[in-house]
Amino acid sequence: LIGLAWINYNEDNSETALSLYKKASELSPSNTFIRKQLGYVYKKLGQASLALEAFQVYLELDPNAPDKVEIQAIIQQLK
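In our numbering, the protein residues as written are -6 to 72.
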């Protein structure tokens, strides 16, 4: 599911990517990669509040994420 979602996201099939990432998230709710990617998909779709929530969950699940500063900057842009 993650691989298919990634391919669809990169091919600008954001709605399909979103659906696949949501399914993957249901199967693995603590997967940080999925949470971060959900944030990017929601952001691309213009759904700022859902993107913000996904990025915040990502950082809650991985408070020492290697891209923490970048994600915090995105969160500030979305607020």
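From the three backbone atoms N, C-alpha and C, an ideal C-beta is built for every residue, glycine too.
These numbers were taken from a predicted model, which means no experiment stands behind them.
Sub-8 Å separation of residue i and residue j beta-carbons
i: TYR14; j: GLN30; result: yes
Residue i, enclosing alpha helix (DSSP H) - first and last residue
i: LYS72; result: No alpha helix (DSSP H) holds LYS72; DSSP gives it neither H nor E.
i: LEU52; result: 41 to 54
i: LEU31; result: 25 to 37
i: LEU(-3); result: -5 to 3
i: SER18; result: 7 to 20
Beta-carbon proximity list for residue i, same chain, < 7 Å, skipping 5 on both sides
i: GLY32; result: ALA44, ALA47, PHE48, TYR51
i: LEU(-3); result: LEU13
i: SER7; result: VAL34, LYS37, LEU38
Contact set for residue i: own chain, Cβ-Cβ below 8 Å, skip 5 residues either direction
i: SER18; result: ASN24, ILE27, ARG28, LEU31
i: ILE64; result: LYS29, GLY32, PHE48, TYR51, LEU52, ALA58
i: TRP(-1); result: ALA10, GLN30
Residue i burial status per 10 Å Cβ neighbour count (16 or more: buried)
i: LEU20; result: exposed
i: ASN74; result: No answer is possible for residue 74: it lies beyond the span of the chain, which begins at -6 and ends at 72.
Beta-carbon contacts of residue i that lie in its chain and below 6 Å, excluding the five residues immediately before and after
i: ILE(-5); result: ALA17
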